[in-house]
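In what follows, a structure is listed as structure tokens, so that the remarks can point back to it.
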Amino acid sequence: MDKEISEFEKHLQYELTVSTHTLRNYMSDINQLHSFLKTNPKLKTWTDITPFTLRSFLGTLYQKNTKSSIARKLSSLKHFFQYLSKEKIIAKDVSELISMTKQEKKLPQILEVEEVFHLLETPDPSTPAGKRDRAILELLYATGIRVSELVGTNSGDFEWQEHHLKVRGKGRKERIVPFGEKAATALKIYEECRPFFYKKKENPKAFFLNQKTGRLTSRSVARLIDKYIILCGSTKKISPHTLRHSFATHLLSAGANLRDIQELLGHESLSTTQKYTQVSIAQLMEDYDKSHPKA
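This is how it looks when you write it as structure tokens:
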């Protein structure tokens, strides 16, 4: 069984080129199933697995996991068994008979425009780290790119004159996203102080650098956003993805076309982008309740 898990990991990493975060989740879920299977000496190969086996495993998860977490684990297992079936390791995909639990759809949390502006102005502009962090926040909000796309940005990806950025999204698919004058100014200010981060060492390819001259990680960006939202005095629990949600919702509220937003975000399906229409309606109703004298 270990061999097939290892081969699937290579398939995810080199053929599907999933992100590090996605790869970690997949392997964690599959290894959790593998540990469960080891408790039954009769289950020696993947061909011994039945739908009942998978249901038994999922049943052990309900006490310590949320429905959304279990749904994610089941999705991982379904992809794994589809792979085993495709590679002729098993005769039939036993996960087909297990349906996904319907999840309650939560609207993504967003920041108000004023809250975003306050957040963007929080980093200290007198320090190299503050200039870098301001550039990061400005770029996330100006483009709606994912944090994984931001930390993967290289110096050569910017088209400064046209205010364009080449982004490598999920599955290494490339797209071009524009950014505005405010973001361009913040990025240029950071670029001028960028040598501070590598000093006498060779200029790194990565655009956003940490204090050790390495590429910033997604976790580092999440931590700096945590820091600045606290400095803002906000009680909201946000993540880098909140700026992506805010970007899309604010564009939609201002009259942008949903198809254009889909392209900017790099969504394959328009249905993924349509959740922002629900956010806009929910926000409209909230504003109505606050403002209308007869609400």
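For the sequence shown, this note's numbering assigns the number 1 to the initial residue and increments by one for each residue that follows.
Where a beta carbon is used, it is the ideal one built from N, C-alpha and C, also for glycine.
With contacts defined by Cβ atoms closer than 8 angstroms, Leu139 and Leu119 do not form a contacting pair.
In terms of Cα proximity to Arg172, the closest of Glu162, Arg223, Thr50, Gly152 is Gly152. Between the alpha carbons of Gln13 and Glu96 lies a distance of about 24 angstroms. Buried is the label assigned to Gln262, since at least 16 other Cβ atoms lie within 10 Å of its Cβ. A check of alpha carbon separations from Ser246 across Asn154, Ala71, Glu115, Ile49 identifies Glu115 as the nearest.
If the five residues before and after Asp226 are omitted, its C-beta is found closer than 6 angstroms to no C-beta atom of its own chain. Residue range 51-59 is occupied by the alpha helix (DSSP H) that includes Arg55. Boundaries of the alpha helix (DSSP H) around Ile230: 218-231. DSSP places Lys166 in the strand class (E or B) of the three-state scheme.
Secondary structure of Val18 (DSSP, three-state): coil.
Nearest in C-alpha terms to Asp93, of all of Val18, Gln211, Thr50, Lys188, is Thr50. By the Cβ rule, the stretch 68-76 counts as touching the stretch 16-36, because three or more pairs are nearer than 8 angstroms. Secondary-structure assignment with DSSP links Pro240 through no beta bridge to anything. Here the alpha carbon of Ser239 sits roughly 21 angstroms from the alpha carbon of Val18.
Here Lys201 is not near Asn154, since their CB atoms are 8 angstroms or more apart. Just so you know, the alpha carbons of Tyr83 and Ile90 end up roughly 9 angstroms apart. The beta carbons of Ser126 and Ser218 sit no closer together than 8 angstroms.
For Arg175, the uninterrupted beta strand (DSSP E) segment begins and ends at 174-178.
Per the coordinates, the alpha-carbon of Thr47 lies some 13 angstroms from the alpha-carbon of Leu54. Taking a contact to require three or more Cβ pairs closer than 8 angstroms, the stretch 182-202 and the stretch 126-135 qualify as touching.
Straight through space, the alpha carbons of Leu43 and Leu37 are spaced by roughly 6 angstroms.
Secondary structure at Arg132: helix, using DSSP grouped into helix, strand and coil.
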